[in-house]
Amino acid sequence: MARPNRKSFAFLQFPDSESLSSFLLRAQETESVKKKYKFKQANESQQLRGKTIEEHLQARACEITEEPEELGLIRDKITPLWALSYEEQLGQKYVTVQNEYMKFLKEINIRMKKAGTIAPLWMQTPPKVLDVKPSPNIESYRNKTEFSIGYYDNEEIKVGFTNGKMAAGTLRIESPRTCTNIPEQAKDFADRLEELVKKSQLPAFDSKTNSGIWKQAVFRNSSRSLETMATIYINPTSEQEKIETLLQELFPLYTTVILITLPNTIKILNGPGFITETVLNKKYQVSPMSFFQVNTLGCEVLYKEVVDLVCGDLLLDICCGTGSIGISCSEKVKKIIGIELIAEAVADAKINAELNNIEAEYLVGRAEDLIKEVTKPIQGGNIFAVVDPPRNGLHKTILQCLRTTKGLDHVVYVSCNPVSLFQNLADLCCPENNKVRGPAFVPISIQPVDMFPQTPHIENVVYLKRSTII
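For the sequence shown, my numbering assigns the number 1099 to the initial residue and increments by one for each residue that follows.
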């Protein structure tokens, strides 16, 4: 990447050319990004400030810029609500959703005044936020745990969670033993891997010097299939063969063991390289890079809310990932089309549809480029869209596309972030104006679902109908 005049610069690395192209397209469409940044393909011999890219990427010690503070307990960081009763946790999460909903209603009122429109009927009696649906299990519920490999102090190697601040020089790795959302299997894996790292006599990653070999590990487990997957991440090293030999000690203990040499060299050391999970009687193949909800039983509660809402000729599964939401709804619709930017996720979605004997079409690309095209043949039919975006929500171009697509009269929005959720809903539900085209949507129901007990995070399922069909 070239260095803009009088500005700082950064190097961005992408797993493949398709991801790079998608990023550049999005950047070119975002005015604020276009004005601030310039992007240029880099090569290792390119000089910036008199150094090659390789020299810029060499490990450097972090700078201490903050005064150190006393560190709290690791469980206070990982599960900050652990000391509250579960009823108190649900009450706190309800208030979080309700507060964001009230901001949304105020924003709609402001936009209506600007547009000079009269408040529609739904604004006179807006839907209420429903009580939070609880998780069936409140402890040991995580089916995926990400561990850091590093140091508790300068010498003691640990596999666990980070505590403290790098800028204060207090960052350290602590054992996950006190975190009650983590299953015993995952804690045992952390202990075993810690012993292997020590046995290797190879350095763990040190955030203070930004150097070391052993970097990270991810443990996945299924309570349904009883399968387990251990994925270990290391920095490039001439000692990889030694590491692979050491990791053989894990082979009899876990269904599959995978070694990833950063940035993206994957080697399956044992087993098939994936595990299977079951949600609402549907099977899914979960690979190391797959996104899958971390609370399997809670996921069933969440997906059932979506299934109960969907019914039609076509289901557009937008941001479909590995296809689990659309596949769960397969008995309620005649056709499923999934749209996803990440090609690897689409490959997983196709495998999952085949596993469940479901005919579904999955497309790699931007939703705003594909939605109108795939809905044209179904115009006049009953079209539902389900969106389940990342935490930062949907891009404005997708929201605009949803509003202006004829025949798309139902949207089910699944969100893990109440802030971005209601910001997006403001664009979907506000009156038409010079910047926002297409008939507005109307919120029909707002259902919070707790997927993450002992933490402040909360999922929501919001059902929207086009104002013209109410």
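Cβ atoms here follow ideal geometry from the backbone N, Cα and C, with glycine treated the same way. Please read these numbers as outputs of a predicted model, since none were measured by experiment.
In this structure, threonine 1353 lies near methionine 1327, with their beta-carbon atoms less than 8 Å apart. In this structure the stretch 1525-1537 does not touch the stretch 1477-1487; the number of beta carbon pairs closer than 8 Å is below three. Between valine 1431 and alanine 1458, the alpha-carbon positions lie close to 11 Å from each other.
In its chain, beyond the 5 residues on either side, Ile1435 have a beta carbon closer than 6 Å to the beta carbon of valine 1472. Close CB contacts of aspartate 1251 within its chain, under the 7 Å cut and outside five residues either way in sequence, are with Arg1270 (chain order). Judged by their CB atoms, glutamate 1557 and leucine 1400 are nearer to each other than the 8 Å cut-off.
Contact between the stretch 1348-1364 and the stretch 1408-1428 is absent: fewer than 3 CB-CB pairs across the two stretches fall below 8 Å. In this structure, the beta-carbon distance from valine 1517 to aspartate 1486 does not fall below 8 Å.
Inside the stretch 1335-1401, DSSP marks whole beta strand (DSSP E) runs of 3 or more residues at positions 1354-1359, 1363-1368, 1373-1377 and 1380-1384, from first to last along the chain.
In this structure valine 1560 touches proline 1541 by the C-beta definition: roughly 6 Å separates them, less than 8 Å.
Proximity of the stretch 1165-1183 to the stretch 1273-1286 meets the contact definition, three or more beta-carbon pairs being nearer than 8 Å.
Between aspartate 1548 and leucine 1188, the CB-CB gap stays under 8 Å. As the crow flies, the alpha-carbon of tryptophan 1220 is around 27 Å from that of glutamine 1190.
In this model, proline 1234 and tyrosine 1382 are separated by some 21 Å (Cα to Cα). When rounded, the separation of the alpha-carbon atoms in lysine 1306 and glycine 1267 is 7 Å. Under the three-state reduction of DSSP output, phenylalanine 1539 falls in the strand class. Counting every other CB atom within 10 Å of its CB across the protein chains shown gives leucine 1500 a total of 16 or more, marking it as buried. Taking C-alpha positions only, valine 1384 is separated from isoleucine 1358 by approximately 16 Å.
Secondary structure note for arginine 1209: its alpha helix (DSSP H) is the uninterrupted segment 1184-1213. In the structure shown, leucine 1407 falls within a helical segment according to DSSP collapsed to helix, strand and coil. In the structure shown, asparagine 1522 adopts helical secondary structure according to DSSP, grouped into three states. Of the other Cβ atoms in all chains shown, 16 or more fall within 10 Å of the Cβ of glutamine 1552; this residue is therefore buried.
For valine 1316 and threonine 1566, the gap between their C-alpha atoms comes out near 47 Å.
When the alpha-carbon of isoleucine 1216 is set against those of Pro1529, Ile1568 and Cys1409, the nearest one is in Pro1529. For the options Pro1178, Glu1185 and Arg1209, the alpha carbon positioned closest to that of lysine 1533 is the one of Arg1209. Per DSSP, reduced to three states, the secondary structure at phenylalanine 1287 is helical. The beta-carbon distance between lysine 1296 and phenylalanine 1303, rounded to whole angstroms, is 14 Å. This is too long to meet the 8 Å contact definition.
Boundaries of the alpha helix (DSSP H) around serine 1422: 1422-1426. Per DSSP, the unbroken beta strand (DSSP E) holding tryptophan 1312 starts and ends at 1312-1319. When DSSP states are grouped into helix, strand and coil, glutamate 1442 belongs to the helix group. Proximity to isoleucine 1311 across Gln1299, Thr1163, Arg1322 and Ser1320 peaks at Gln1299, based on C-alpha coordinates. DSSP, reduced to helix, strand and coil, places glutamine 1545 within a strand of the structure shown. Annotated three-state conformation of lysine 1494 is helix, per DSSP. Here leucine 1413 is not near isoleucine 1476, since their CB atoms are 8 Å or more apart. Residue Leu1294 holds the alpha-carbon nearest to the alpha-carbon of threonine 1343 among Ala1213, Leu1294, Leu1110 and Lys1211. Pairing phenylalanine 1539 with lysine 1201 gives a Cβ-Cβ distance that is not under 8 Å.
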